[in-house]
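Read through the structure below, which is laid out as structure tokens, and then see the notes.
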Amino acid sequence: MKFIPYLFIFFGVFSACSQKNEPVKVQLADTIWKQKLSPEAYYVLREKGTEKPYSGKFLFHKENGYYTCAGCGNRLFESNAKFDSHCGWPSFDEQISASSIRTQTDRSLGMVRTEITCANCGGHLGHLFDDGPTETGKRYCVNSLSLQFEPMNESHLDTLILGGGCFWCIESVFDEVKGVKEATSGYAGGEADQVSYEEVCSGKTKFIEVVSVVFDSTQISTLELLKIFFTIHDPTTLNCQGADVGYQYKSAIFYKNDSQKKLAVACIQKLTHDQVFDRPIVTELFPFDHLVPAEEYHQDYFEKNPNNAYCKAVIQPKRDKFEKSFKELKK
Ligand code: FE
Numbered sequence: 302m303k304f305i306p307y308l309f310i311f312f313g314v315f316s317a318c319s320q321k322n323e324p325v326k327v328q329l330a331d332t333i334w335k336q337k338l339s340p341e342a343y344y345v346l347r348e349k350g351t352e353k354p355y356s357g358k359f360l361f362h363k364e365n366g367y368y369t370c371a372g373c374g375n376r377l378f379e380s381n382a383k384f385d386s387h388c389g390w391p392s393f394d395e396q397i398s399a400s401s402i403r404t405q406t407d408r409s410l411g412m413v414r415t416e417i418t419c420a421n422c423g424g425h426l427g428h429l430f431d432d433g434p435t436e437t438g439k440r441y442c443v444n445s446l447s448l449q450f451e452p453m454n455e456s457h458l459d460t461l462i463l464g465g466g467c468f469w470c471i472e473s474v475f476d477e478v479k480g481v482k483e484a485t486s487g488y489a490g491g492e493a494d495q496v497s498y499e500e501v502c503s504g505k506t507k508f509i510e511v512v513s514v515v516f517d518s519t520q521i522s523t524l525e526l527l528k529i530f531f532t533i534h535d536p537t538t539l540n541c542q543g544a545d546v547g548y549q550y551k552s553a554i555f556y557k558n559d560s561q562k563k564l565a566v567a568c569i570q571k572l573t574h575d576q577v578f579d580r581p582i583v584t585e586l587f588p589f590d591h592l593v594p595a596e597e598y599h600q601d602y603f604e605k606n607p608n609n610a611y612c613k614a615v616i617q618p619k620r621d622k623f624e625k626s627f628k629e630l631k632k
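Whatever position you read off the sequence shown (first residue = 1), add 301 for my numbering.
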């Protein structure tokens with residue numbers, strides 16, 4: 302169990318989620334808020350007001366991007382969390398990260414509700430309900446006046462291809478990482494345009510089980526993704542990850558450019574120098590050529606099969622390790 306504490310030293314301590322009783326970072330005098338905000342936005346954000354239902358500009362808004370706090374610009378929700386709740390206000394099923402929004406009990410108007418505020422400036426956003434129709438079960442009911450919209454800049458999207466044993470595990474964790482738009486299981490390293498799971502499992506191909514991680518580089522860096530990668534798998538066992546043995550389970554990074562290669566090399570050198578692991582790191586670096594997407598039943602395997610014995614025994618502990626070590630980087 303040597304490597305986790307050392308990883309914290311190497312990568313720096315990730316602060317825990319901001320506490321509700323801590324003061325917010327952005328604190329302005331009331332006169333400044335009045336200058337900064339329109340009277341309508343001031344009423345909602347600073348006086349806990351509510352806009353009229355079906356009146357807000359973001360109710361039917363469907364662009365790809367981020368909804369930010371109209372008071373301070375803090376990113377609050379991703380557009381893919383928005384759904385039509387028919388309640389008259391923009392609704393979201395999850396916040397962008399655990400530390401973006403604070404909750405508190407609101408006993409006004411003879412009701413007991415959960416108020417949501419911006420964790421950065423304390424601005425009132427709306428309320429949180431447990432009647433959401435999606436898998437999160439949540440409905441963040443938000444005033445349009447509390448929000449601004451930042452369109453997604455596609456040029457900020459980048460991809461990292463990682464092999465760390467069974468792709469079900471790696472995909473399951475990276476699906477939970479803040480800023481990750483898509484994690485896709487597939488095969489890389491071989492020459493053929495197509496290959497099947499059975500062929501890869503034979504160990505006779507050059508293909509390795511990998512996960513293609515598409516991420517927004519304004520939200521998470523390649524280095525942060527590499528930190529997670531080296532925490533959730535064992536990079537010291539050649540062609541093997543736990544009980545999964547074979548060439549296809551090789552620890553590998555398929556770099557797309559020199560920058561990714563240099564970062565990966567530096568990361569491995571630093572881990573080696575700091576003796577984070579008891580044994581040498583055997584992670585191999587390959588130039589990325591092409592990815593063969595894995596069969597559909599491999600995609601989101603953990604999500605589709607939460608009661609599967611492998612998911613419980615092997616994947617869940619990796620998810621737990623990620624959650625414990627990288628609270629600030631969880632969606
Ligand atoms: Fe704010």
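Every residue, glycine too, gets a C-beta built ideally from N, C-alpha and C.
Bear in mind the structure is a predicted one, so any value in this text is a computation, not a measurement.
- Message: Is the separation between the beta-carbon of Phe475 and that of Glu510 shorter than 8 Å?
- Response: To locate residue 475, count along the sequence shown from 1; it is residue 174. To locate residue 510, count along the sequence shown from 1; it is residue 209. Their beta carbons are not under 8 Å apart, which means Phe475 does not touch Glu510 by this criterion.
- alpha helix (DSSP H) segment containing Tyr602, residue limits: Here residue 602 corresponds to residue number 301 of the sequence shown, with the count starting at 1. Where Tyr602 is concerned, the enclosing alpha helix (DSSP H) stretches over Tyr602 to Lys605.
- Element boundaries [alpha helix (DSSP H), containing Cys470]: Here residue 470 is taken as the residue at index 169 of the sequence shown, counted from 1. From DSSP, the alpha helix (DSSP H) with Cys470 extends over Phe468 to Phe475.
- Cβ of Gly350 within 7 Å of any heavy atom in the ligand FE? To locate residue 350, count along the sequence shown from 1; it is residue 49. No; taking the cut-off as 7 Å, the Cβ of Gly350 has no heavy atom of the ligand FE nearer than that.
- Query: Is Pro340 helix, strand or coil when you go by DSSP?
  - Reply: Translated into positions along the sequence shown, residue 340 becomes position 39. Helix, per DSSP.
- Should the region 479-499 be regarded as contacting the region 419-426, the criterion being three or more beta carbon pairs within less than 8 Å? no
- Query: Can you name the residues that DSSP bridges to Gly427?
  - Reply: Looking up residue 427 in the sequence shown gives position 126. The partner list for Gly427 (beta bridge, DSSP) reads Ile417 and Val443.
- Is the beta carbon of Val615 sitting closer than 8 Å to the one on Cys470? In the sequence shown, the residue the question calls residue 615 occupies position 314. In the sequence shown, the residue the question calls residue 470 occupies position 169. It is a contact, given that the beta carbons lie within the stated cut-off.
- Task: Buried or exposed for Ile333, please, with buried defined as at least 16 other CB atoms from any protein chain shown within 10 angstroms of its CB.
- Result: Within the sequence shown, residue 333 is the residue found at index 32, counting from 1. Exposed, since its Cβ has fewer than 16 Cβ neighbours within 10 Å.
- Message: Nearer than 7 Å: is that true of the beta carbon of Cys470 relative to any heavy atom of the ligand FE?
- Response: Here the question's residue 470 lines up with position 169 in the sequence shown. It does not: the Cβ of Cys470 is nowhere closer than 7 Å to a heavy atom of the ligand FE.
- Task: Name the two residues that bound the continuous beta strand (DSSP E) containing Arg620.
- Result: The count along the sequence shown starts at 1 and reaches residue 620 at position 319. Not the beta strand (DSSP E): Arg620 falls in the alpha helix (DSSP H), residues Gln617 to Ser626.
- Residues surrounding the ligand HEM [beta-carbon distance to nearest heavy atom under 5 Å]: Of the ligands this structure carries, namely the ligand FE, none is the ligand HEM.
- alpha helix (DSSP H) containing Ile521: first to last residue? Counting from one through the sequence shown, the residue named residue 521 turns up at place 220. Neither: Ile521 is in no alpha helix (DSSP H) and is coded neither H nor E.
- Query: Starting from Leu377 and walking both ways along the beta strand (DSSP E), at which residues does that stretch end?
  - Reply: Reading the sequence shown from its first residue, position 76 is the one you call residue 377. Looking at the DSSP string, the run of the beta strand (DSSP E) that includes Leu377 is Arg376 to Glu379.
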